[in-house]
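Chains as they are written, first to last, in my numbering: chain P, 1 to 362; chain E, 363 to 644. Note that CB positions come from ideal geometry on N, CA and C, so glycine has one too. In what follows, a single structure is set out as structure tokens and then discussed.
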């Protein structure tokens with residue numbers, strides 16, 4: 001186990017393309033950090049820099065107390081699980097797991113003991129150890145790839161989208177297994193994914209990357225409740241947050257949602273930015289049905305999707321064109337054209353500056 | 363074929379059988395000739411069915427050679443041919459594996475330049491560069507030696523290209539995984555690349571063995587000492603009978619002997635050969 005420290009990491013490719021624009025993060029011992037973002041955001045590049053598969057243009061990477069910028073991958077005390085598993089196709093499962101240990105020059109019985117221990121953790125049978133990777137199913141291959149990482153007993157696990165080649169059901173199952181495994185072994189882990197559900201469920205902390213810049217670093221709940229930017233607000237949560245470009249009221253205490261519909265903001269609003277343009281955000285699950293005589297906003301439904309556990313209602317307030325999504329739990333028999341009374345609680349409102357795209361603190 | 367018409371089925375078999383006969387007939391003639399004595403082979407029409415002198419002719423061909431020749435059988439020439447074919451095949455495979463490895467996995471200065479230099483040699487087979495090559499081999503004192511027979515034929519652009527293509531299909535992640543496992547370049551080469559190219563190596567071995575075995579012009583040029591003759595040259599020399607009629611029964615027996623090793627190689631490596639040329643899954 002070790003901490004991993006990234007200090008102002010930058011990456012510029014020889015063709016001048018700058019992939020990473022200065023990343024700072026302190027990953028604590030035993031922490032599970034998820035790097036998440038859309039494709040091309042630099043998350044894999046960052047992981048590969050930590051692994052030593054890509055050079056670092058600027059900044060320092062430390063694993064434990066050791067600066068590892070110039071070290072070979074094998075000297076960094078890391079293990080990596082690849083997206084397509086990268087198992088050696090001509091070697092048996094056992095040989096795949098033992099290969100790194102053999103190169104380290106460990107004695108045979110120690111290799112044997114470590115491989116068997118890993119196989120047991122991953123529930124690989126003795127018979128499966130003798131097979132070739134192509135004779136295994138996707139989920140089993142994934143286990144072998146993790147086994148290869150475990151036997152090294154590294155200080156840091158690196159995962160590069162390890163679940164993206166699996167089908168949906170297996171992905172959920174393996175996700176749980178990875179989480180359990182990490183908790184059991186307590187090894188510092190860095191996990192790259194573009195799937196926000198994976199990110200939210202696995203990580204102790206998430207780092208949201210966009211275009212090589214860290215948008216936000218925080219726990220899943222922090223990201224969900226207080227997204228630091230429009231990008232994070234849209235990226236985390238599914239369906240994504242409803243965003244309405246609008247203006248603050250003349251006193252800064254209210255906000256206009258649609259023609260004739262105004263809401264008062266929490267904590268007295270933003271008096272100093274009265275009349276300024278803002279982006280108002282609210283999550284679909286925070287548009288709730290108002291009961292009885294409560295003050296409510298009329299939402300005209302245009303399309304209804306029944307998911308069983310939830311009902312997704314697309315619609316708009318009044319005559320406003322902005323399309324909104326409402327997520328109600330349970331089944332609601334709503335038809336297109338119906339008008340629903342909706343309430344929004346003040347502490348579920350998010351405001352963003354449309355120019356800087358940053359969150360405005362209420 | 364998806365269609366299932368009896369007539370077409372029969373027709374396609376007839377065509378196939380005709381093709382087989384066309385190819386096999388000369389070999390049958392050679393075999394028949396090798397089973398008769400010298401007298402019978404000089405009377406027309408030539409025999410179409412085997413005679414009873416097979417073992418006798420085999421013994422003469424292997425141990426005595428043609429009459430009026432130098433009284434040498436072709437047994438040691440088979441051996442010479444074998445050495446030449448094996449050294450050429452293995453040499454080509456080793457050198458082209460290494461050069462393909464360098465071209466695919468290392469970023470050295472003038473990498474593309476060297477790549478194209480190798481490519482250009484495709485245009486320079488032995489026949490084109492025969493005089494300078496002979497000069498070099500003679501100056502190195504390699505005439506009449508196994509080295510002289512094999513070294514000038516060993517470098518192979520074709521094989522280098524084939525291995526380059528094979529290596530390019532091997533996913534980069536395997537290299538990265540092995541780097542994380544602590545394997546250096548040579549270890550990666552030995553433990554990952556070579557085992558993964560096994561079938562291609564086998565397929566290439568078949569082609570190159572036959573290529574080496576069938577060499578004619580080059581051995582003819584650089585061997586003047588009979589101890590270094592290969593069997594392919596010997597067939598040609600046997601036909602130079604001067605005033606006399608060629609001793610066809612011995613010549614044909616030698617031909618059969620010369621055909622045998624390539625046939626054996628093809629038959630025994632057939633499966634690997636087909637796999638190596640068609641399999642793409644890595």
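- In this structure, DSSP gives residue 6 (chain P) an extended state, which the three-state scheme calls strand.
- In the assembly as shown, residue 2 (chain P) is a buried residue. Its beta-carbon has 16 or more other beta-carbons within 10 Å.
- Contact annotation: residue 116 (chain P) and residue 148 (chain P) have beta-carbon atoms that are not nearer than 8 Å.
- At a Cβ-Cβ threshold of 8 Å, residue 73 (chain P) and residue 52 (chain P) count as neighbours.
- In terms of beta-carbon proximity, residue 541 (chain E) lines the interface with chain P, with at least one pair separated by less than 8 Å.
- In the three-state scheme derived from DSSP, where H, G and I count as helix and E and B as strand, residue 472 (chain E) is classed as coil.
- Collapsing the DSSP output to three states places residue 113 (chain P) in a helix.
- Cβ-Cβ distances below 6 Å link residue 305 (chain P) to 312 in the same chain, with the five nearest sequence neighbours on each side left out; the list follows chain order.
- The alpha-carbon separation between residue 402 (chain E) and residue 422 (chain E) amounts to approximately 17 Å.
- Contacts with chain P at 8 Å (Cβ-Cβ) include residue 544 (chain E).
- For residue 255 (chain P), the secondary structure class from DSSP, reduced to helix, strand or coil, is strand.
- When secondary structure is reduced to three states using DSSP, residue 184 (chain P) falls in the helix class.
- Within its own chain, the residues whose Cβ lies closer than 8 Å to the Cβ of residue 54 (chain P), once the five positions on either side in sequence are excluded, are 11, 45, 48, listed in chain order.
- Residue 294 (chain P) carries a coil assignment under DSSP once its states are collapsed to helix, strand and coil.
- Annotation for residue 207 (chain P): the continuous beta strand (DSSP E) segment containing it runs 205-210.
- DSSP places residue 600 (chain E) within a helical segment (H, G or I) once states are collapsed to three.
- Where residue 388 (chain E) is concerned, there is no enclosing beta strand (DSSP E), although the alpha helix (DSSP H) around it starts and stops at 368-395.
- Cβ contact annotation for residue 277 (chain P) (same chain, cutoff 6 Å, sequence separation greater than five): 247, 354, in chain order.
- In the three-state DSSP reduction, residue 37 (chain P) falls in the coil class, being neither helix nor strand.
- With respect to residue 144 (chain P), residue 162 (chain P) sits apart: the two C-beta atoms are not nearer than 8 Å.
- Taking all protein chains in view, the Cβ of residue 390 (chain E) is surrounded by fewer than 16 other Cβ atoms within 10 Å, so the residue is classified as exposed.
- For residue 1 (chain P), no Cβ of chain E is located within less than 8 Å of the residue's own Cβ.
- Taking a contact to require three or more Cβ pairs closer than 8 Å, the region 430-450 of chain E and the region 508-518 of chain E qualify as touching.
- Looking only at P:18, P:15, P:19, P:26, the smallest Cα-Cα distance to residue 7 (chain P) is reached by P:26.
- The beta carbons of residue 554 (chain E) and residue 224 (chain P) sit no closer together than 8 Å.
- It is roughly 15 Å from the alpha-carbon of residue 473 (chain E) to the alpha-carbon of residue 519 (chain E).
- For residue 538 (chain E), the nearest CB of chain P lies under 8 Å from its own CB, placing it at the interface with that chain.
- Residues of chain E whose Cβ lies closer than 9 Å to the Cβ of residue 155 (chain P) do not exist, since the nearest Cβ in that chain is about 13 Å away.
- Annotation: Cβ neighbours of residue 104 (chain P) in chain E (cutoff 8 Å, chain order): 544.
- It is roughly 9 Å from the alpha-carbon of residue 119 (chain P) to the alpha-carbon of residue 94 (chain P).
- Assignment of residue 194 (chain P) by DSSP, reduced to helix, strand and coil, places it in the coil class.
- In the DSSP annotation of this structure, the continuous segment of the alpha helix (DSSP H) that includes residue 495 (chain E) starts and ends at 492-501.
- By a beta-carbon distance limit of 8 Å, residue 200 (chain P) does not contact residue 282 (chain P). Their separation comes to about 19 Å.
- Taking 8 Å as the cut-off, the beta carbon of residue 197 (chain P) is found no closer than this to the beta carbon of residue 160 (chain P).
- Within the region 549-570 of chain E, the residues whose Cβ lies closer than 8 Å to any Cβ of chain P are, in chain order, 549, 553, 554, 557, 558, 560.
- For residue 561 (chain E), the enclosing alpha helix (DSSP H) starts and ends at 560-575.
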